[in-house]
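> When we follow my numbering, the leftmost residue of the sequence shown carries the number 1449, and every step to the right adds one. We treat Cβ as the ideally placed atom computed from N, Cα and C, and that holds for glycine. Please read these numbers as outputs of a predicted model, since none were measured by experiment.
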Amino acid sequence: MTDRDLIFDVKNVTLRFGGVTSLDDVSIQQERGEILSVIGPNGAGKTSLFNCLTGVYQPQEGSITFRPTSTQSISIVGRQPHRVSRAGVARTFQTSRMFNALTTFENVKIGVEARQKTGPIGAMLKLPRTRHEEKHSDERSHELLEFVKLTHRTNTLADSLPYGDRRRLEIARALGTNPKVLLLDEPAAGTNPSEKLELASLISRINAELGISILLIEHDMKLVMSLAQRLVVLNFGGVIAEGSPQEIQENPRVIEAYLGASEEVEQ
Ligand SMILES: Nc1ncnc2c1ncn2[C@@H]1O[C@H](COP(=O)(O)OP(=O)(O)OP(=O)(O)O)[C@@H](O)[C@H]1O
Ligand SMILES: [Mg+2]
């Protein structure tokens, strides 16, 4: 066994949909506090991996242990997504899932209240615990908006936010659940160069200042190479390489996987 302090231990995970094998005997370990990036061509299995780590998909084979080296170690496979979230695993989605008709503040508050005992239903029914929780969740939501630098957008409808702000709002909402690890699925997709820089700085602050481990799926190689301490490369559902940014950039199997993918696109 390892004596490293891990946040995730993924062992021999295989996930199939009918004849399609989305993940093929995948083993990945992430250290606590690490920024680990998962890269790979389209369809490689990156989002499927996130769905397994958050309890959305149930792999047919293998195990996923969250905080395996702590006393609060739990097995993810077979656990409902809301329970996985409560245990400390938060995520953002490849395509935005905001409540467009709600304000920035209200969207973050939903994230914060997902964590509370009374929950959104209790809040609606004004159950006794709610007044105290309400005050707490308002304060926490304002704090999070400040952290992601969206205070000036507090009352803006999510629908009318510029793209970069929207991406940061999704992150704020995920942080509302007080996670130990944050899974980001292509957070920079669709953003412009200056928004990318802001995102990169936000992701490293989440890691350094809040002590949250980061698992990052991203196609923008410049961003990935500047942020990740280590990378895992998936291709056709399997891990084809792992290592430091430099090792990955020089790895012939990785170069081949990406060249192959770009040739397919050109055809
Ligand atoms: N719910 C599902 N039902 C059937 N097939 C699925 C399902 N989810 C994923 N797959 C398949 O699994 C494979 C991997 O998809 P996945 O979305 O994980 O790739 P990805 O690496 O995230 O790609 P991208 O970079 O395009 O987001 C694809 O062949 C996809 O069609
Ligand atoms: Mg994906």
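Tell me, please, whether the region 1495 to 1511 touches the region 1461 to 1468 by the rule of three or more beta-carbon pairs shorter than 8 Å.
Yes: at least three Cβ pairs fall under 8 Å.
> Say whether the region 1550 to 1564 touches the region 1488 to 1495, bearing in mind that this needs 3 or more beta-carbon pairs closer than 8 Å, one atom from each stretch.
Touching, no, given that fewer than three Cβ pairs across the two stretches are closer than 8 Å.
> Do you know how far the Cα of Phe1547 is from the Cα of Ala1606?
Within the sequence shown, the letter at position 158 stands for residue 1606. Within the sequence shown, the letter at position 99 stands for residue 1547. Computed Cα separation, rounded: 7 Å.
> Suppose only complete runs of 3+ residues qualify. What are the beta strand (DSSP E) ranges in the region 1615 to 1641, listed by chain order?
Counting whole runs of 3 or more residues, the region 1615 to 1641 contains the beta strand (DSSP E) stretches 1629 to 1633.
> Smallest Cα separation from Leu1671: which of Leu1682, Glu1690, Ser1649, Val1687?
The count along the sequence shown starts at 1 and reaches residue 1671 at position 223. Out of Leu1682, Glu1690, Ser1649, Val1687, Ser1649 has the C-alpha closest to the C-alpha of Leu1671.
> How would you label Gly1466, buried or exposed, when you count the other beta carbons within 10 angstroms and need 16 or more for buried?
Locating residue 1466 in the sequence shown gives position 18, where the first residue counts as 1. Gly1466 comes out exposed.
> On the DSSP letters alone, give me the boundaries of the beta strand (DSSP E) that Ser1694 sits inside.
Here the question's residue 1694 lines up with position 246 in the sequence shown. A small correction: the amino acid at residue 1694 is Gln; Ser does not occupy that position in the sequence shown. Segment 1693 to 1698 is the alpha helix (DSSP H) holding Gln1694; no beta strand (DSSP E) there.
> Could you pull out every residue in the same chain whose Cβ sits closer than 7 Å to the Cβ of Phe1541, ignoring the five residues on either side in sequence?
As a first step, residue 1541 must be located in the sequence shown, where it is residue number 93. Only Asp1633 meet the Cβ criterion.
> Starting from the Cα of Arg1499, find the closest Cα among Leu1454, Ala1705, Leu1663, Asn1640 and give me that residue.
Along the sequence shown, one-based indexing puts residue 1499 at 51. A small correction: the amino acid at residue 1499 is Asn; Arg does not occupy that position in the sequence shown. Nearest option by C-alpha distance: Leu1663.
> Output the boundary residues of the alpha helix (DSSP H) element that contains Gly1510.
By 1-based counting over the sequence shown, the position of residue 1510 is 62. Careful: Gly1510 lies outside any alpha helix (DSSP H), inside the beta strand (DSSP E) at 1509 to 1514.
> Going by beta-carbon coordinates alone, are Lys1644 and Ala1637 separated by less than 8 Å?
Position 196 of the sequence shown, counted from the start, is the residue given in the question as residue 1644. Position 189 of the sequence shown, counted from the start, is the residue given in the question as residue 1637. Cβ atoms of Lys1644 and Ala1637: not closer than 8 Å.
> Since Ile1558 is in the alpha helix (DSSP H), which residue starts that stretch and which ends it?
The count along the sequence shown starts at 1 and reaches residue 1558 at position 110. 1552 to 1561 is the span of the alpha helix (DSSP H), which, as asked, contains Ile1558.
> If we define contact as Cβ-Cβ less than 8 Å, is Glu1643 a contact residue for chain B?
You won't find chain B in this structure, because it holds only one protein chain.
> Give me every residue whose Cβ sits closer than 7 Å to any heavy atom of ligand 2, in chain order.
Answer in sequence order: Lys1494, Thr1495, Gln1542, Asp1633, Glu1634, Ile1665.
> Within 10 angstroms of its Cβ, does Leu1707 collect 16 or more other Cβ (buried), or is it exposed?
Numbered from its first residue, the sequence shown carries residue 1707 at position 259. Leu1707 comes out exposed.
> For a minimum of 4 consecutive residues, which ranges assigned as the alpha helix (DSSP H) are wholly contained in the region 1497 to 1547?
Correct list: 1529 to 1535.
> Please confirm whether any heavy atom of ligand 1 lies closer than 7 Å to the CB of Val1537.
Numbered from 1 along the sequence shown, position 89 holds the residue referred to as residue 1537. No, since every heavy atom of ligand 1 falls outside the 7 Å radius drawn around the Cβ of Val1537.
> By a C-beta neighbour count over all protein chains shown, 10 Å radius and 16 as the cutoff for buried, is Val1620 buried or exposed?
One-based indexing of the sequence shown puts residue 1620 at position 172. Sequence check: residue 1620 is Ala here, not Val. Ala1620 should be labelled buried.
> At a cut-off of 7 Å, would you count Phe1465 as near ligand 1, judging by its Cβ distance to the nearest heavy atom?
The count along the sequence shown starts at 1 and reaches residue 1465 at position 17. Yes, since a heavy atom of ligand 1 falls inside the 7 Å radius drawn around the Cβ of Phe1465.
> Does Pro1641 pass the burial test, meaning 16 or more other C-beta atoms within 10 Å, or should it be called exposed?
In the sequence shown, residue 1641 corresponds to position 193, counting from 1. Under this definition Pro1641 is an exposed residue.
> For Val1672, report the span of its alpha helix (DSSP H) as first-last.
The count along the sequence shown starts at 1 and reaches residue 1672 at position 224. Run containing Val1672: 1669 to 1675, per the alpha helix (DSSP H) assignment.
> Roughly how far, in whole angstroms, is the beta-carbon of Val1687 from the beta-carbon of Ser1485, given that I think they are within contact range, below 8 Å?
Numbered from its first residue, the sequence shown carries residue 1687 at position 239. Numbered from its first residue, the sequence shown carries residue 1485 at position 37. The Cβ separation is near 13 Å, so there is no contact.
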